Every structure is written in structure tokens, then in C-alpha cells.
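Quick note: the sequence shown uses my numbering, first residue 1, plus one each step. Each residue gets a CB set at the ideal place from its N, CA and C atoms; glycine is no exception. Predicted, not measured: the structure shown is a model, and the values here were computed from it.
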Amino acid sequence: MTTAGETLDPRRDPNHFPPLAEAIPLGIQHILAMFVSNVTPALLVAGAAGLSTGDEDVVVTLVQASMLFAGIATLGQTHGLGPVGARLPIVQGTSFAFLPMMLPLVAGKGTEGLSILFAGALVGGLFHLSLAPLVKRLRFALPPLVTGIVVLLIGLSLVRVGIQYAAGGVPAMGTPAYGAPLSWSLALVTIAVTLGLRIFAKGLLGTASVLLGLIAGYVVALAIGRVDFGAVGEAAWISTPQVMPFGLQFTFAAVAGFCAMVLVSGIETIGDVSAIAESGAGREATDKELTGAVAADGLGTALAAVFGALPNSSFSQNVGLVAMTGVMSRHVVALGAVFLIICGLVPKIGALIISIPIEVLGGSVIIMFGMVAGAGISMLSSVTWNQRNLLIAALAISVGLGLQLEPEAVAGLPELPRILMTSGVVPAAFLAVTLNLLMPNREGALSSPAH
């Protein structure tokens, strides 16, 4: 293993800039790999808030902001600003980690729910930014055992949403009868094409399998008359971001909830940075890189909230893409970020995205949430599974997932602790960190810091 600054292959050097003929396709490949995952949280939050027919302009705003500020946050991560940014090929985007808390927070509240959400996200982002200088001191508490459990629970806590959407989604969004064969047919087309491309295709076709699977489901939905282009025709070609498009309504539950969830997001980012340094550059991540990455997460989330974009974090699937291609260049990812920013300035692209039937989206998110859980399992593969580590994982996963599956078990709690406890992720993260620190490690377990 090499150390920082000793990468031998230029392709494994974050500062290497490949020829544009190679860099541009690689950059677009990164965006294709994360594109659907990036806009999906906006659609899920809009659905939970009860925004449907007549609210297309609001949903378009959410989607556009998601693309635009994912691109801006990615540039901040790849090229940095002072102490902010890891200066590694890390793609930022709207984070699934916050969904278990955001969905109940906005449930049925319309745009008022969005104003509450973004106020909480703004404070949470600033709190996240303030934690960055502490990363060096807290690094010892976040070994692969902890980061793996957290990422695994993020995926597992969301799989129910994927099934619901594939089965017909939220009745308030005007979808067909829940569980209808037609709904599952559209979802299964999406899943089948995605899996087929992922298994048998190579290059860009394989990398963009989730996007192409969604397009296949969309084409089938279009053929049977399930697509409405009304919002596309009404959307403008060019639009600039709006400052606080939904206003800000500060509530204790939202602020405290986001401050708790940024701790989870920070753990996920530390795991991603560690993985990308090891798999892409063949070395451990430095304290400066980890601190910069967490700072970029916080600043990106706070900035996004001001302009109506959901919280962002690093994307694990792009970490895997770096390992697959062997290209560690941060400039490649920056080119992809520019492409994402351009998409974010064209409202017609956002309007086209919200025309996707919810069942087709459900087919995609079933796979995406499963891939998040799979990334957590991959992180846990480096752990020595002795009795101590098995006990920590068993308790964290059982309590976290159990409370998420049976929310009525804590129905007597006030709103904030009830939302956090039933998110699945927060109790699992708390137990994993606490037990890993308190339980003696006498059996040779691999519980080393997440480098």
C-alpha cells in the first residue's frame, strides 16, 4: 500500500487530468451512474408531502435544485475552497440517508412541510460544517464495523418505500389502484432491463444500467398511455435558482432531527472517502481529506437548503465506479459536475423527470436501495466476525430495523424522539458507535479506524 503522495500509476493520482477525449466520457459516466439516485429523493419527498396534480411547478423546482446543487457540491468536493473539500473524485448528491427522517417530517403537509424541512436542513448543514474540525479526533470511533452498519441500515430502512412505489405508490398522487398487476408490470420491466444490462453489458451501458432500465419502463408506460407531458410543455427552457422558494419555518423537531441525521451522514461520508482512497489510490485517506469531505458535506447541505435543494452527501455507487475504472482523477468528476449543473438550469429536464410514472420509479428505487444496503455489506466484509462484533451488529441492526418496522412500539414518545427512533438509522448508529467504544476488543477483531 502506498501512502499519500506516492501513487505510482498516473490514473490513480487525484490530480491527474486525462485527455479530454477520455475525461469527458468518464465524467458523464459518473453522472449517469448517480443521476436517478440524485433526483429520486426529491420525488419521494414531494410524494410524501402530498404534492401531485396542480403542484408540478413545485416538484420541478425540487428536481432542478437537486441537479444544480449536486453539481455545485461536487465541484466543492473535488476542487475545494480553503479547508472545505476532500479534493478527491467524490460525487455529491441528494442523500438517501435523510429520507427516513424527512418523509414523516413532511407527510401530508404540502409546501408548509417543505418550509419546515429546509429550515431544519439549513441549521443541520451548518452544524455538520462545525463538526468537520473534530473528525481527526473522532476517527477512532468510526471503524468499518460502524460505517458498514450505518450504510446497511440506510438501505434497509428504505426498501419498504421502493415496494410501495412499485405497487402503485401514494394514492394522493393519482396513481392506479395499489397493488394492481399493471403497476407491478411497469416496475418489473424496469428491474429486468436494469439487471440484464448490469449483468451482460459492458462499458457505459453497464454503468448506466439503472438509468437505462428506467428509460425502458418509461417507454412502456408511454406506449400504454401512462405518461403526461403537460408539465414539460409548460416548463421554461432556462431558469435560475430561487432563494428560499418555499420559505423557512423553524421547528425544534426539524432542527434537532437534522442535527442528529448529519452525524449519520458524516459517518457515511467518512466510509466513502476511506473506500475511495484505498480502492482508487491504494492508500489510506488523510485526516485533511476526511475533514475537508465532511466540511463540504455540511456547507453543501446548508447552501442547498437556501435554494430549495435537499441535503447532499457523497455517493457510494461512484466510489465503486472509481474502483471499477481505475481512474482516480478529480478533474474527471468535476467535468461531470459541470454537466449536472447545466441540467439543473434547464427546467424542461426536471419536468420530463417528474412525468415518470411512480411504478417505473419504484422499480428503479428497489434496486438502488438494495445497492445501498449492498455497499454496507461490502464495508462489513473487512470486519473479523468474532463474538464481540457479531453482538454489536446484531443489536444495532435488530433495534434499528425493528423500530422502523414497528413504529407503534414508541408511539408514546414526543414527536422528535419518535421520528428519530423509527428512522431505523439513528438508533442503529448510536448503538453501533457506543457499543464499539464500550465493549472490550480482546478477540482480535478488525475494529481499526476507518482510514
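Assumed close pair residue i, residue j - CB separation to whole angstroms, cut-off 8 Å
i: Met67; j: Cys343; result: 5 Å
i: Pro41; j: Thr94; result: 4 Å
i: Tyr165; j: Val365; result: 6 Å
i: Val210; j: Ile377; result: Contact flag wrong, Cβ pair sits at about 19 Å.
i: Ser382; j: Ile90; result: That pair is no contact at about 20 Å.
i: Val425; j: Ala141; result: With a Cβ gap of about 17 Å, Val425 and Ala141 do not count as contacting.
i: Phe96; j: Val372; result: 6 Å
i: Phe339; j: Ile31; result: 5 Å
i: Gln92; j: Ala86; result: Actually they do not touch by this definition, with Cβ atoms about 10 Å apart.
i: Val332; j: Ala21; result: That belief does not hold up - the Cβ atoms of Val332 and Ala21 are roughly 12 Å apart, past 8 Å.
i: Gly71; j: Ala337; result: 4 Å
i: Leu43; j: Arg330; result: With 8 Å as the limit, Leu43 and Arg330 do not qualify as a contact, their Cβ atoms being about 29 Å apart.
Rounded separation between residue i and residue j - CA only
i: Val60; j: Ile354; result: 7 Å
i: Ala275; j: Gly362; result: 29 Å
i: Gly50; j: Gly168; result: 15 Å
i: Thr301; j: Pro311; result: 5 Å
i: Gln242; j: Ala236; result: 14 Å
i: Ile238; j: Phe118; result: 24 Å
i: Ile28; j: Leu81; result: 24 Å
i: Ala411; j: Thr147; result: 29 Å
i: Pro245; j: Lys348; result: 18 Å
i: Phe69; j: Ala409; result: 38 Å
i: Val232; j: Ile191; result: 26 Å
i: Asp297; j: Leu114; result: 20 Å
i: Leu126; j: Phe250; result: 14 Å
i: Thr345; j: Pro417; result: In the sequence on display, residue 345 carries Leu and not Thr. Cα to Cα, Leu345 sits roughly 38 Å from Pro417.
i: Pro171; j: Glu289; result: Any reading at Pro171 must be qualified, since the residue scores a pLDDT of 45, below 50, and its modelled position is unreliable; no value is offered.
i: Gly174; j: Phe369; result: With a pLDDT of 48 at Gly174, under the threshold of 50, the predicted position of this residue should be treated as unreliable, though the coordinate-derived value follows. If I take the Cα positions, the gap works out to 24 Å.
i: Leu435; j: Leu212; result: 42 Å
i: Thr278; j: Leu105; result: Correcting the residue identity first, residue 278 is Glu in this sequence and not Thr. Roughly 37 Å separates the two Cα atoms.
i: Leu248; j: Ile116; result: 6 Å
i: Gly206; j: Ala309; result: 29 Å
i: Pro18; j: Tyr218; result: 35 Å
i: Pro144; j: Ala132; result: 19 Å
i: Leu454; j: His16; result: Outside the shown range of the chain (1 to 451) lies residue 454, about which nothing can therefore be said.
i: Gly110; j: Leu103; result: 12 Å
i: Pro414; j: Leu395; result: 24 Å
i: Gly271; j: Ala293; result: 11 Å
i: Ala351; j: Gly230; result: 9 Å
i: Glu406; j: Val161; result: 15 Å
i: Ala393; j: Val151; result: 12 Å
i: Asp13; j: Val45; result: 38 Å
i: Leu26; j: Ala295; result: 26 Å
Where the alpha helix (DSSP H) containing residue i begins and where it ends
i: Asn389; result: 387 to 405
i: Ser457; result: In the structure as shown, the chain starts at 1 and stops at 451, and residue 457 therefore has no counterpart that could be examined.
i: Asp297; result: 287 to 306
i: Ile356; result: First-last for Ile356: undefined, no H or E at that position.
i: His79; result: 56 to 79
i: Phe127; result: 110 to 131
i: Leu197; result: 181 to 200
i: Thr269; result: 252 to 276
i: Asn436; result: 425 to 438
i: Phe140; result: Element bounds for Phe140: n/a, residue is neither H nor E.
i: Pro104; result: 99 to 106
i: Arg330; result: 330 to 344
i: Thr147; result: 144 to 156
i: Ile238; result: Segment: none, Ile238 is in no alpha helix (DSSP H) and carries neither H nor E.
i: Gln164; result: 159 to 166
i: Arg418; result: 415 to 421
Contacts around residue i, its chain only, beta-carbon distance under 6 Å, and the 5 residues preceding and following it disregarded
i: Leu299; result: Val84, Leu129
i: Val39; result: Val63, Ser66, Ile353
i: Met261; result: Phe98, Met101
i: Gly108; result: Gly50
i: Ala445; result: With a pLDDT of 42 at Ala445, under the threshold of 50, the modelled position of this residue cannot be trusted; read the value that follows with caution. These residues qualify, in order along the chain: Thr384, Asn386, Arg388, Asn389.
Cβ neighbours of residue i in the same chain (closer than 7 Å, five flanking residues each side left out)
i: Ala357; result: Per the sequence shown, the amino acid found at residue 357 is Pro instead of Ala. Result list for Pro357: Leu186, Ala221, Arg226, Val227, in chain order.
i: Ser423; result: Pro100, Met101, Ser157, Gln404
i: Ala216; result: Val189, Thr190, Val193
i: Leu437; result: Ala141
i: Thr269; result: Ala293, Val294, Asp297, Ser313, Ser314
i: Ala180; result: Gly168
Limits of the unbroken beta strand (DSSP E) element including residue i
i: Leu94; result: The residue asked about is misnamed: residue 94 is Thr in this sequence, not Leu. Thr94 -> beta strand (DSSP E) spans 92 to 94.
Neighbourhood of residue i by C-beta distance below 8 Å, restricted to the same chain and skipping five residues each side
i: Leu214; result: Val36, Thr190, Thr194, Ile356, Val360, Leu361, Gly363, Ser364
i: Gly374; result: Gly155
i: Ala439; result: The question names Ala, but residue 439 is Met in the sequence shown. Only Arg388, Leu391, Ile392 meet the Cβ criterion.
At a cut of 8 Å, does the stretch 117 to 134 reach the stretch 292 to 312 through at least three beta carbon pairs? yes
For the stretch 283 to 297 against the stretch 151 to 158, do three or more pairs of beta-carbon atoms, one drawn from each stretch, fall closer than 8 Å, so that the two count as touching? no
Please confirm if the stretch 420 to 429 is in contact with the stretch 392 to 402, defined as three or more CB-CB distances below 8 Å between the two stretches. yes
Give a yes or no on contact between the stretch 380 to 392 and the stretch 251 to 268, applying the rule of three or more CB pairs nearer than 8 Å. no
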